[in-house]
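First residue of the first sequence? That's 568 in my numbering, and the numbers climb one at a time after it.
Input: a single structure, listed below in structure tokens.
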Amino acid sequence: MPRPRQLHRSFFDRSVHEVAPALIGATFLVDGVGGTVVEVEAYDHEDPAAHGYRGRTPRNAAMFGPPGRAYVYRSYGLHWCVNFVCGPEGDASAVLIRALAPTAGLEVMRKRRGLEDARLFCAGPGRLCEALAITRAHDGLALDRPPFWLGAPQTDVEIVTGPRIGISKAVDQPWRYGLKGSRFLSRPFGRARRTLSRTR
DNA sequence: CAGTGGATGCTCT
DNA sequence: GAGCATCCACTGT
């Protein structure tokens with residue numbers, strides 16, 4: 568399998584609603600451990616469900632910074648979640664990375680997660696941060712420099728969409744994107760899904 | 001399979 | 001004091 572070219576940081580310099588589906592099939596590694604992005608969600612600056620909606624705070628400061636960087640926050644007091652910041656600087660939009668198909672560093676992930684089943688290594692935003700050892704220390708770091716490595720998405724992928732998970736506002740926006748047929752999703756896509764195709 | 005509740009830290013009201 | 005962009009263990013079909 569050929570190693571994909573590395574994504575340029577200008578990849579993130581556009582609307583989060585373009586970037587989110589474009590990330591499906593990309594390769595995401597932290598210190599060489601990770602896999603293929605199979606599930607994401609988009610959060611934009613006019614979105615009541617987004618952390619940046621009510622303005623800048625110490626927690627969400629990375630969302631208001633340059634695109635192409637990580638925004639990492641603690642979820643429910645226990646887990647970490649990682650986003651990729653998008654749009655023009657100050658746009659406060661970001662893509663939540665929700666699931667990976669593990670491809671690199673499987674033994675490391677197995678140990679960190681304390682599980683044997685590879686399907687559960689990265690099937691959820693908290694799980695994938697545990698598997699890749701992402702913490703607050705990564706908040707605000709550029710995605711095109713170590714310890715991160717981002718590879719260009721595969722072409723010819725089929726993408727399913729649906730409502731986002733675990734939110735109580737703007738619940739009807741279909742801004743969750745998944746790789747069709749993947750066994751590594753955090754949850755299946757429901758009946759209301761739509762299918763997009765990306766070819767080149 | 002579905003549903004429930006606990007763990008836990010931080011932000012904002 | 002409420003409310004989380006979650007996960008896991010447990011219960012009952």
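Even for Gly, the Cβ is constructed at its ideal location relative to N, Cα and C.
Member of the options whose CA lies at the smallest distance from the CA of residue i
i           : options            : result
residue 664 : 726, 628, 694, 570 : 694
residue 580 : 729, 753, 710      : 710
residue 627 : 607, 699, 648      : 648
residue 596 : 644, 637, 645      : 637
residue 655 : 629, 603, 748      : 629
residue 729 : 645, 721, 754      : 754
Cβ shell of residue i (< 8 Å), same chain only, five flanking positions each side left out
i           : result
residue 686 : 750, 751
residue 575 : 711
residue 682 : 688
Distance between residue j and residue i (C-alpha atoms, nearest Å)
i           : j           : result
residue 586 : residue 662 : 8 Å
residue 735 : residue 572 : 38 Å
residue 673 : residue 600 : 8 Å
residue 738 : residue 731 : 7 Å
residue 613 : residue 742 : 13 Å
residue 653 : residue 591 : 15 Å
residue 631 : residue 620 : 11 Å
residue 718 : residue 578 : 11 Å
Residues near residue i by beta carbon distance below 7 Å, same chain, minus five either side
i           : result
residue 598 : 714
Close-in-space but distant-in-sequence residues of the same chain around residue i (CB under 6 Å, 5 per side omitted)
i           : result
residue 705 : 637, 639
residue 716 : 596
residue 643 : none
residue 616 : 734, 736, 737
Bridge-paired residues (DSSP) for residue i
i           : result
residue 573 : 718
Minimum length 4: unbroken alpha helix (DSSP H) runs contained in the stretch 620–669:
none
Sequence ranges, alpha helix (DSSP H) only - wholly within the stretch 665–735, length at least 4:
673–680, 692–699
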